[in-house]
Amino acid sequence: ELAVVGGGDAAVEEGDFLTRYASKVYVIHRRNELRAQPILVDRARANSKIEFILDAHVKEIGGDEKVQVVRYEQHGETKELRVGGVFIFVGFVPNSTLFKVHVDHDAGGYILTDRNMQTSIEGIWAVGDVRAQLTKQIATAVGDGTTAAVAAAMYITALKDAARA
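According to my numbering, the sequence shown is numbered sequentially starting from 630.
#1: How many Å lie between G757 and I767 at the Cα?
#2: Short of 7 Å in beta carbon distance, which residues of its chain neighbour F728, apart from the five on each side in sequence? Order them along the chain.
#3: Near Q797, which residues of its chain fall below 7 Å by C-beta distance, leaving aside the five closest residues on each side in sequence?
#4: From D790 to W754, what distance separates their C-alpha atoms?
#5: DSSP on R674, reduced to helix/strand/coil?
#6: Ignore the nearest five residues each way along the sequence and tell me which others in V687's own chain have a CB closer than 7 Å to its CB.
#7: Taking the beta carbon of S725 as the centre, do at least 16 other beta carbons fall within 10 Å, making it buried, or is it exposed?
#8: Would you give the residue range spanned by the alpha helix (DSSP H) that F646 belongs to?
#9: With distances taken from CA atoms, which of R649, R711, N676 and V779 is nearest Q747?
#10: Between the stretch 646 to 653 and the stretch 674 to 681, do three or more beta carbon pairs fall short of 8 Å?
#11: Relative to the C-alpha of E689, which residue among I668, D733 and K708 is closest?
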């Protein structure tokens, strides 16, 4: 059995994914509602291996040499779960403040891009976790970087060709 702490997209998606390897996954969230996208919440709620523990605050992760227990407080009562691991997905805020006045963002502060990773300003690209996208994984960041590099090279070539004309 495993625990996931958080209630956003990453926590709910990871909780669902972890059911491939665990008999039970507890998703512990401090609010009474999950903040994840409805499609992710619906998928997770349909998974019988996931149990949501809402309005709960993790107080301690304990064990001898490895994780064995998560203690949390819920409605004034301290409770405990026996788990073999804890995955924490809380508080991710994109580091996009520098660009907020320059390029378009979504409500969460993530930079909006087209399929070539170009932002709302021609010649500026955004890749990785700062970009508005469903997954925040190394593989997607690498793919974003590759796409942006090819698009930027094509953009620079077009600028050079236009300057020669």
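Quick reminder that beta carbons are idealized off the backbone N, C-alpha and C, glycines included.
According to the structure data:
#1: On the sequence shown, residue 757 is found 128 positions in, with the first residue counted as 1. On the sequence shown, residue 767 is found 138 positions in, with the first residue counted as 1. In a straight line, the C-alpha of G757 is about 8 Å away from that of I767.
#2: Indexing the sequence shown from 1 puts residue 728 at position 99. The residues are I740.
#3: One cannot answer for residue 797 here, as it falls past the ends of the chain, which runs 630 to 794.
#4: Locating residue 790 in the sequence shown gives position 161, counting from the first residue. Locating residue 754 in the sequence shown gives position 125, counting from the first residue. Distance between the alpha carbons of D790 and W754: 21 Å.
#5: Mapped onto the sequence shown, residue 674 falls at position 45. Note: R674 maps to helix in three-state DSSP.
#6: Numbered from 1 along the sequence shown, position 58 holds the residue referred to as residue 687. Cβ neighbours of V687 beyond the five flanking positions: V634, I657, V699 and Y701.
#7: Within the sequence shown, numbered from 1, the residue matching residue 725 stands at position 96. That one is buried.
#8: By 1-based counting over the sequence shown, the position of residue 646 is 17. F646 -> alpha helix (DSSP H) spans D638 to L647.
#9: Taking the sequence shown and counting its residues from 1, the one referred to as residue 747 is at position 118. Checked all of R649, R711, N676 and V779; the closest Cα to Q747 is V779.
#10: yes
#11: Against the sequence shown, residue 689 aligns to sequence position 60. Per the Cα distances, K708.
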